[in-house]
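Colleague: In terms of UniProt numbering, the sequence shown is residues 1 to 345.
Using N, Cα and C, we set each Cβ at its ideal position, and we do this for glycine too.
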Amino acid sequence: LSLEGGKSHPRPVLDSQSHHHIIPRTAMHGPRLNVLLLVLPLLLLLPEATFAEDKPSTASCGAFGYELLATRLDSLENAAIKSHLKSLETSQSLRTDIQQLTGSIQSMMMAARNADGFPGSKRELLRSCSDVPSKVSGPYRLDVSRGFREPFEVYCEQQFENGGWLVFQNRFDGGVDFYRSWDEYRHGFGTLDGEFWLGLEKLHQITYSAPHELAVVMEDFAGEVAIARYSSFAVGGEAEQYSLARLGTFSGSGNDSLTYHKGGRFSTFDRDNDEHSTNCAAEYIGAWWYKACHLSNLNSRYLPGGLNAVANRIIVWRHWKGDLHALKRTRMMIRKIAGATTTTP
Numbered sequence: 001l002s003l004e005g006g007k008s009h010p011r012p013v014l015d016s017q018s019h020h021h022i023i024p025r026t027a028m029h030g031p032r033l034n035v036l037l038l039v040l041p042l043l044l045l046l047p048e049a050t051f052a053e054d055k056p057s058t059a060s061c062g063a064f065g066y067e068l069l070a071t072r073l074d075s076l077e078n079a080a081i082k083s084h085l086k087s088l089e090t091s092q093s094l095r096t097d098i099q100q101l102t103g104s105i106q107s108m109m110m111a112a113r114n115a116d117g118f119p120g121s122k123r124e125l126l127r128s129c130s131d132v133p134s135k136v137s138g139p140y141r142l143d144v145s146r147g148f149r150e151p152f153e154v155y156c157e158q159q160f161e162n163g164g165w166l167v168f169q170n171r172f173d174g175g176v177d178f179y180r181s182w183d184e185y186r187h188g189f190g191t192l193d194g195e196f197w198l199g200l201e202k203l204h205q206i207t208y209s210a211p212h213e214l215a216v217v218m219e220d221f222a223g224e225v226a227i228a229r230y231s232s233f234a235v236g237g238e239a240e241q242y243s244l245a246r247l248g249t250f251s252g253s254g255n256d257s258l259t260y261h262k263g264g265r266f267s268t269f270d271r272d273n274d275e276h277s278t279n280c281a282a283e284y285i286g287a288w289w290y291k292a293c294h295l296s297n298l299n300s301r302y303l304p305g306g307l308n309a310v311a312n313r314i315i316v317w318r319h320w321k322g323d324l325h326a327l328k329r330t331r332m333m334i335r336k337i338a339g340a341t342t343t344t345p
């Protein structure tokens, strides 16, 4: 036995007849087996090829080679263990860093929301997008009306015409299906960072809490943009079928295609409130303040590319691009009129 580092290694012995080394059985145990199987042919050939004339010297060299091999295996084994432990430590360290970073971000977000004058403030919730102190567009949590039991999030557009606009309809790529039921239009659908409809009930509460104006921004597939402005806008309650109760004077570049719908009740494929003998929402694949039937249909199906063979069954604003010209983007926004007092509906 050879003692190295407190470990015992069985020495190979020389077969008196074959002059080959014999590795003791105990040496074949453990993780070294695979390595020994690879180098064993070299150990067996080494005495015959190199030291055939000197048998005692051959045995000594072979034993010494095995000791070197065993030492090397120990070194490799220790290195592998250390590397594995180091990897575990690094992985754990990364997990800890990520958890700490996540906690810091959440704390900062909470602190920002609780800051004085910021949306979500515990001291005073904002009542409209016009009250938002920041010029950054995005979701804000507002207490727009006492008609709701709790505040809700809206998207405030702060770059268009001095900001303060609340977006209640947003379409740009057809990712959200707008051919929806009455209940879905009542409650709203989509997400504020994508395509969405805010909800008829929210729209009613907001527009009845204070006077608002309306802006409709449209873009076609050629990149041409038009804006339709209305000096006032309000939506009635559910008892009035969320009718287009108020619509003021038109101005802008998109030509007026909404005044025709003033007083019209909102209709969906499962709630026919229009003045036509057919269901306009089902006929023209949309949901709108139809009469008999429409000059605008901004909640109809999204048709990429532009022209369509079937008139009006696409997103249209007739007095701007006609019945066959589909629009690429639409955004409907309201803003509380400057100086108006917020009231309880």
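#1: What three-state label does DSSP hand L46 in the structure shown?
#2: At which residue ranges does the stretch 145-227 contain complete alpha helix (DSSP H) runs of 4 or more residues, listed in the order of the chain?
#3: Buried or exposed: where does D97 fall if 16 or more other Cβ atoms within 10 Å of its Cβ makes it buried?
#4: Could you give the distance in angstroms between the alpha-carbon of A178 and the alpha-carbon of N279?
#5: Label I334 either buried or exposed according to how many other C-beta atoms from any shown protein chain fall within 10 Å of its C-beta, with 16 as the threshold for buried.
#6: According to DSSP, is I98 helix, strand or coil?
#7: If we count Cβ pairs, one from each stretch, closer than 8 Å, do we get three or more for the stretch 190-210 versus the stretch 231-250?
#8: What does a CB cutoff of less than 6 Å around F269 pick up in its chain, not counting 5 residues either side in sequence?
#9: Please say whether I227 and G190 have beta carbons closer to each other than 8 Å?
#10: If you reduce the DSSP assignment to three classes, tell me which class I315 lands in.
#11: Looking only at its chain, what residues have a beta carbon closer than 6 Å to the beta carbon of M28, apart from the 5 residues adjacent to it on each side?
#12: Report the partner residues of K86 according to the DSSP bridge assignment.
#13: Would E150 be called buried (16 or more neighbouring beta carbons within 10 Å of its own) or exposed?
#14: Report, in whole angstroms, the separation of the C-beta atoms of V144 and S134, which I expect to be a contact under 8 Å.
#15: Can you tell me which residues form a DSSP beta bridge with I81?
#16: Kindly provide the ranges of any beta strand (DSSP E) runs that are 3 or more residues long and lie completely inside the stretch 241-303, ordered along the chain.
#17: Measuring straight from C-alpha to C-alpha, what distance separates F152 and G306?
#18: Could you check what DSSP says for L142 in three-state terms: helix, strand or coil?
#19: Within this structure, are the beta carbons of V167 and Y155 separated by less than 8 Å?
#20: Do N299 and G286 count as a contact pair if the criterion is CB distance below 8 Å?
#21: Nearest by alpha-carbon distance to L214: which of I105, G237, G188, F160 is it?
#22: Once DSSP output is grouped into helix, strand and coil, what is the label at R72?
#23: Could you tell me the alpha carbon to alpha carbon distance between K82 and Q100, rounded to whole angstroms?
Modeller: With the given structure in hand:
#1: Residue confidence is low: L46 scores 48 on pLDDT, short of 50, so the model does not pin down where it sits. No coordinate-derived value is stated.
#2: 182-187, 200-209
#3: exposed
#4: At residue 178 the sequence reads Phe, which differs from the Ala that was named. Going from the Cα of F178 to the Cα of N279 covers about 16 Å.
#5: buried
#6: helix
#7: yes
#8: A281, A282
#9: no
#10: coil
#11: Annotation note: pLDDT 46 at M28 (below 50); position unreliable, coordinate value reported separately. If we look at M28 and ignore the five residues flanking it on each side, it has no Cβ neighbours.
#12: In the DSSP output, where bridge partners are listed per residue, K86 has none listed.
#13: exposed
#14: Contact doesn't hold; Cβ gap of about 17 Å is too wide.
#15: DSSP, once it has assigned bridges, lists no residue as partnering I81.
#16: 244-247, 250-252
#17: 36 Å
#18: strand
#19: yes
#20: yes
#21: F160
#22: helix
#23: 27 Å
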